[in-house]
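Remarks on the structure that follows.
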Amino acid sequence: MTRLNRRDIEAGLAALDEKAAGNVLQHPSAKDPAVAIANEAQDIDWHYRQLLEATIAQEHSRVDVILARIYRQGVSRERIEAELLRRWAESQGIDLSSQAPPARGRIIGKADPGAGIQQLQPGFVLDRDLHLLVADAGAGKTLLTLELATILSLGTAGFMDHQSPRKGGGSRRTILYIATDGGPTAYNQISDYCDELQVADRGALIEVWAEAEDGSEAGWSITLPNLHRLALRVAQGDVLAVFIDTANAVFQQAGLSPYVGPVDQYLRLLKAIVCRHAVLWINTHSNRSGTGLKSIGGHPAWQEVPSVIHRIEPPKKGTDQPYRWIVEKLRGESRREFAYHWRSGEFQLAEGHYHENVDDELLALIQRLSTAGLPTKPAALIEATNKTGQSIYSSLKRLRQERLIRSKGNGYTLTPGGERHVAA
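Under the working numbering, think of the first position of the sequence shown as 10, with each following residue one higher.
Now the structure itself:
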């Protein structure tokens, strides 16, 4: 960033003061304290608007001049940063205020429940929600999340222990992969991993944001211009998921700490920006000392804000033991865990049940049995499909979450949404 000398700053301040003079209310009772406060408040507001504009445009010299002017009015750096963030969020239709909206009660069965929880990958990925993957450095986070990104983009394959999902992302197929960890070598590493996974040959669409070795592009971090760029990109409507690799890198490169400070506010802001349109997935490092959710390093918000938390445990060095993937937290699901190897260019399950995706088949079966007046309780469905109980119960849970079936006695019947889905 180019720094101005004192003469340049004073000249800039004088020009800003002259321009601001026309924006400040004039009043004959200039000695009236209330009038003076109103004038100063309007003056500061004008400078904030100029500062936000200059910050988004990355006009660093202009930013320096305006900051110096606001500092002279006694406003702290922390207050300025918070106000800029609030104003930018407001311009995007995001409310960062702590004041909750007025509560309104809704009666179960009478209010429209909406579409319900949408699982893009059953047991792994919820659509338009925040996910966290935590693991030690070198545990394979990047390779594994690129495989998941590929499968999400394709929308026709299952991840790890699942068959293909019942539904994909529709017209959303692009995966935005923000590779900040690794600095100038990040893009080359991602490219090599994608070659290893045959991402392009399989037909996936992955767009990478990473620092360029020639300096033409900086690594993405949580700064206001970068947040603005991200908001504009996901608003185009073709992005299915945004992967951030890693949390530590994007915070620290912005001069922020992932351990202390307003981490929860930044996470909620990222969620508000991305999850109106797409999945948000963030990779982060473990603290190497705890187990389960306590292994997540940093601020408590990393445990509290995400709706889904995954964790990888690598094998002990020098052994042929499998990796372990643990789903520590998933809204509407219980904790689950399985083991896998990376062999011959693919992930292979070493332990665990293979969950067969029978959602559509089960939905049509419930309709037929219900129409014929036959029982639709789980035992009858297991017998009629010859599928495992675990697959049937997992499918019933998803169909309930998506508001496609509802309970009726000991069994199930289709909702109007379920009838429309079968008809389609």
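Ideal placement from N, C-alpha and C gives every residue a C-beta, glycine not left out.
Stretch-stretch touch, CB-based, cutoff 8 Å, three pairs: the stretch 396-414 with the stretch 369-388: Output reads yes: the stretch 369-388 touches the stretch 396-414.
Pick from Glu-355, Leu-405, Gln-245 that is closest to Ser-180, judged by C-alpha positions: That would be Gln-245, whose Cα lies nearest to the Cα of Ser-180.
Runs of alpha helix (DSSP H) wholly within the stretch 209-290 (minimum 4 residues, chain order): Within the stretch 209-290, complete alpha helix (DSSP H) segments of at least 4 residues are found at 233-243, 256-261, 272-283, given in chain order.
Straight-line Cα distance separating Val-251 from Ser-403: Note on geometry: alpha-carbon atoms of Ser-403 and Val-251 lie some 27 Å from one another.
Nearest-angstrom Cα separation, counted from Gln-59 out to Ile-184: Rounded to the nearest whole angstrom, the C-alpha separation of Ile-184 and Gln-59 is 34 Å.
Per-residue DSSP class, three states only, for His-430: DSSP places His-430 in helix when its eight states are reduced to three.
Residues that Asn-292 bridges to, as DSSP identifies them: According to DSSP, which records beta bridges pairwise, Asn-292 is partnered with Leu-142, Asp-254.
Cβ pair Asp-190, Thr-255 closer than 9 Å: Yes, Cβ-Cβ distance for Asp-190 and Thr-255 is below 9 Å.
Contact belief for Ala-509 with Leu-278 at Cβ below 8 Å, rounded distance in angstroms: The displayed coordinates of the chain run from 10 to 433. Any statement about residue 509 would go beyond what the structure contains.
CB of Gly-228 within 9 Å of CB of Gly-192, strictly: With contacts defined as CB atoms closer than 9 Å, Gly-228 and Gly-192 qualify as a contacting pair.
Terminal residues of the beta strand (DSSP E) in which Gly-420 lies: Boundaries of the beta strand (DSSP E) around Gly-420: 420-423.
Euclidean distance between Cα positions of Asp-210 and Gly-147: Cα atoms of Asp-210 and Gly-147: separation of roughly 26 Å, rounded to the nearest angstrom.
Residue of Val-283, Tyr-275, Gly-224 minimising C-alpha distance to Arg-238: In terms of Cα proximity to Arg-238, the closest of Val-283, Tyr-275, Gly-224 is Val-283.
Spatial neighbours of Thr-394 in its chain, beta-carbon cut-off 8 Å, leaving aside the 5 residues before and after: Closer than 8 Å at the Cβ level, and outside the excluded window around Thr-394, lie Val-367, Glu-370, Leu-371, Leu-374, Ile-401.
Among Asp-145, Glu-220, Trp-218, the one whose alpha carbon lies nearest that of Pro-324: Of the candidates Asp-145, Glu-220, Trp-218, the one whose C-alpha sits nearest the C-alpha of Pro-324 is Asp-145.
Sequence-distant residues of its chain with Cβ nearer than 8 Å to Lys-150 (five each side left out): Cβ within range, chain order: Leu-142, Ala-144, Asp-254, Thr-255, Asn-292, Ile-321.
Cβ-based burial, Pro-174 [other Cβ within 10 Å; buried from 16]: Buried, by the Cβ-count rule.
Residues near Thr-424 by beta carbon distance below 7 Å, same chain, minus five either side: Beyond the five residues adjoining it in sequence on each side, Thr-424 comes within less than 7 Å, by CB distance, of Arg-412, Leu-413, Ile-414, Arg-415 in the same chain, given in chain order.
Stretch-stretch touch, CB-based, cutoff 8 Å, three pairs: the stretch 257-274 with the stretch 301-314: Yes: the two stretches touch, three or more of their Cβ pairs being nearer than 8 Å.
Closer than 9 Å to chain D by CB, Val-84: Looking for chain D here will not work: only one protein chain is present.
Identity of the residue in Ala-433, Leu-405, Ala-432 nearest Gln-128 by Cα: The residue with the shortest Cα to Cα distance from Gln-128 is Leu-405.
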